[in-house]
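Visitor:
2 protein chains.
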Amino acid sequence: MATIRKSARSTHPAAERPHPDATRRSQRSRQAIYDAALALVGEVGYPKTTIEGIAARAGVGKQTIYRWWSSKADVLLEAFLDLGERLVEAAGEEAYTIPDTGDVAADLKVVLRATVDELRDPRFEAPYRALAAEGVVNEELGRTFVSRLLEPSLQLHADRLRAAQEAGQVRQDIDLRIALELFVSPLAQRWLQHTGPFSHAYTDTLVDYALHGLAPR
Amino acid sequence: MATIRKSARSTHPAAERPHPDATRRSQRSRQAIYDAALALVGEVGYPKTTIEGIAARAGVGKQTIYRWWSSKADVLLEAFLDLGERLVEAAGEEAYTIPDTGDVAADLKVVLRATVDELRDPRFEAPYRALAAEGVVNEELGRTFVSRLLEPSLQLHADRLRAAQEAGQVRQDIDLRIALELFVSPLAQRWLQHTGPFSHAYTDTLVDYALHGLAPR
DNA sequence: AGGCCGACAAGACGGACCGTCTCGCCAATA
DNA sequence: TATTGGCGAGACGGTCCGTCTTGTCGGCCT
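These protein sequence lines are chains G and X, in that order. Mind the numbering: the first sequence is residues 0 to 216 in numbering that gives the first Met the number 0, read in order. Mind the numbering: the second sequence is residues 0 to 216 in numbering that gives the first Met the number 0, read in order.
1) So, is the C-beta of residue 45(G) closer than 8 Å to a C-beta in chain X?
2) Tell me the DSSP secondary structure of residue 185(X) in three-state form.
3) Could you tell me whether any Cβ in chain G is nearer than 8 Å to the Cβ of residue 65(X)?
4) Let me make sure I understand the geometry here. Which of 161(X), 165(X), 131(X) has the alpha-carbon closest to that of residue 188(X)?
5) Near residue 134(X), what residues of its chain come up, given a Cβ to Cβ distance below 6 Å and the 5 sequence neighbours on each side ignored?
6) For the region 184-198 of chain X, which residues have a beta carbon sitting closer than 7 Å to at least one beta carbon of chain G?
7) When you compare the CB positions of residue 185(G) and residue 150(X), do they come within less than 8 Å of one another, or not?
8) Within 10 angstroms of its Cβ, does residue 87(X) collect 16 or more other Cβ (buried), or is it exposed?
9) Report yes or no: do three or more beta-carbon pairs, one from the region 25-37 of chain X and one from the region 71-86 of chain X, lie closer than 8 Å?
10) Interface residues of chain G around residue 138(X) at Cβ under 9 Å?
11) Using 8 Å for Cβ pairs, my map puts residue 111(G) next to residue 182(G). What's the rounded Cβ distance?
12) Short check: CB of residue 155(G) to CB of residue 96(G), under 8 Å?
13) So, is the C-beta of residue 147(G) closer than 8 Å to a C-beta in chain X?
14) Once the 5 residues before and after residue 48(G) are set aside, which same chain residues still bring their CB inside 6 Å of it?
15) For a cutoff of 8 Å on Cβ pairs, would you count residue 111(X) as touching chain G?
16) In chain order, what residues of the same chain have a beta carbon less than 6 Å from the beta carbon of residue 68(G), not counting five sequence neighbours either side?
17) Return the CA-CA distance between residue 43(X) and residue 53(X), expressed in angstroms with no decimal places.
18) Using a Cβ-Cβ distance under 8 Å, would residue 173(G) count as near chain X?
19) Quick check: the Cα distance between residue 70(X) and residue 20(X), rounded to an integer number of angstroms?
Here it is as structure tokens:
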């Protein structure tokens, strides 16, 4: 027996390659892979994290990983998204909103301080850095990274700025997508590239400078 | 013969590991390695660029690379710095200064437009991205990347802002290292993470927002 | 109930690179 | 002229890649 293998596949025209039957997927293995991936990236770093290592740690066959994901980065991205969802469920929903007390400056400062703390959380740091780095060099993954991880948060900032605009605290003629970068991007760069101290005082200053400008009034 | 090998090294107490005799180094091989590294990163991308590949392309033994550099990233960093120096020599010195016409806004816009163009130069794009990405994940290399590549440019921006401050175009109480991030960081993030259009119009807007602030005057 | 299907764990497989090493070869030095 | 040490070349054992094979197991159709 054996021998006749692919030729026996009379049932299908051999069209779809990417996805096997998702309904038969083992959720137990999936979760074990997420846990193993996040643990390994935290322990030995992203470059030394290997598909074989993840499989072994998860008690899973390599093929199970290759069956559902296309790359190491892809596994980590989904693992990280899953981690995020689990943490959001654990915390309250309101942890992922921007407050509106009527004072934009104060509200933004609160949110940026929280972002600083979050980026320092060791559960986040290693995988988040790894994904950001991979996205810089791999445009495909980069776009996914931005749309799934960055974009939702940026949208919240834009929304809060729009409210401020309607309340007359931000100029009418301003492009909010650019405006939010004045404080979000410097924060991101300091964290990613270690270009300077990363503190609450720093983000407070950013908000002040961005709102009132560098030029004298 | 053979057999006695390390034990025959009576001359040295076996202390310094890192550097062989630099005076006997082949400059021809060094340059060939730089060229090969930059070419390969441009052609096949950073992850597929390999030490063996660089050695083969440069017509050089692998050991010659391992003798002088500690990693692929290290080779590329030096190659890129060398490329920068050669281009600076070719162009005039004044290409790497920030003009001072007395109008900060105008001067910064000119410089940021030039930066946009430079980041689009295909000779720069691939290696610069690769180094930035590696620096995000490898703190050691990251610090070198910042101090050798980023810092000199940031210093120029700080200098120009200081002149503006003395001319009364920028508030006295402002931390210039933070101030310059208001336009430099958003630019960097858009380029690195593809978070939005990357154009002259964009950088012009950044300068306006940063100088005059988001709040109504 | 029995048979079939497809994901699963395990791991063998050839191939790519790793980083180290050994080998003569050669130029500069002593 | 003899010594020294970097050099090109490439062999080496090792790791991990991505694919393929085998046998097991649980759900679904008949």
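Built from N, CA and C at the ideal position, the CB exists for glycine as well. Everything numeric in this text was worked out from a predicted model, so none of it was measured.
Guide: Quick answer:
1) Locating residue 45(G) in the first sequence gives position 46, counting from the first residue. It does: the Cβ of residue 45(G) has a partner Cβ on chain X nearer than 8 Å.
2) By one-based count along the second sequence, residue 185(X) stands at place 186. Residue state, collapsed to three classes: helix.
3) Within the second sequence, numbered from 1, the residue matching residue 65(X) stands at position 66. False, the Cβ-Cβ gap to chain G never drops below 8 Å.
4) Here residue 188(X) refers to the residue found at position 189 when the second sequence is read from its first residue. Residue 131(X) holds the alpha-carbon nearest to the alpha-carbon of residue 188(X) among 161(X), 165(X), 131(X).
5) Working through the second sequence from its first residue, we reach residue 134(X) at position 135. Correct list, in chain order: 140, 141, 144.
6) Along the region 184-198 of chain X, the positions whose C-beta sits under 7 Å from a C-beta of chain G are 184, 185, 187, 188, 191, 192, 193, 194, 195, read in chain order.
7) As a position in the first sequence, residue 185(G) is number 186, starting the count at 1. As a position in the second sequence, residue 150(X) is number 151, starting the count at 1. No, these two residues do not count as a Cβ contact at 8 Å.
8) On the second sequence, position 88 is the one that residue 87(X) refers to. Exposed is the call here.
9) Three or more Cβ pairs drawn from the region 25-37 of chain X and the region 71-86 of chain X lie within less than 8 Å of each other, which places the two stretches in contact.
10) Within the second sequence, residue 138(X) is the residue found at index 139, counting from 1. Near residue 138(X) (Cβ distances below 9 Å), the residues of chain G are 193.
11) Position 112 of the first sequence, counted from the first residue, corresponds to residue 111(G). Position 183 of the first sequence, counted from the first residue, corresponds to residue 182(G). Indeed they touch by this definition, with Cβ atoms about 6 Å apart.
12) The count along the first sequence starts at 1 and reaches residue 155(G) at position 156. The count along the first sequence starts at 1 and reaches residue 96(G) at position 97. With contacts defined as CB atoms closer than 8 Å, residue 155(G) and residue 96(G) qualify as a contacting pair.
13) Taking the first sequence and counting its residues from 1, the one referred to as residue 147(G) is at position 148. Not one chain X Cβ lies under 8 Å of residue 147(G).
14) Taking the first sequence and counting its residues from 1, one reaches residue 48(G) at position 49. Result list for residue 48(G): 39, 40, in chain order.
15) Position 112 of the second sequence, counted from the first residue, corresponds to residue 111(X). Answer no: the Cβ-Cβ gap between residue 111(X) and chain G never drops below 8 Å.
16) Indexing the first sequence from 1 puts residue 68(G) at position 69. Cβ-Cβ distances below 6 Å link residue 68(G) to 74 in the same chain, with the five nearest sequence neighbours on each side left out; the list follows chain order.
17) What you label residue 43(X) is simply residue 44 of the second sequence in a count that begins at 1. What you label residue 53(X) is simply residue 54 of the second sequence in a count that begins at 1. Cα-Cα distance, rounded: 12 Å.
18) Along the first sequence, one-based indexing puts residue 173(G) at 174. Chain X has a Cβ within less than 8 Å of the Cβ of residue 173(G).
19) By 1-based counting over the second sequence, the position of residue 70(X) is 71. By 1-based counting over the second sequence, the position of residue 20(X) is 21. Residue 70(X) and residue 20(X): Cα-Cα distance of roughly 19 Å.
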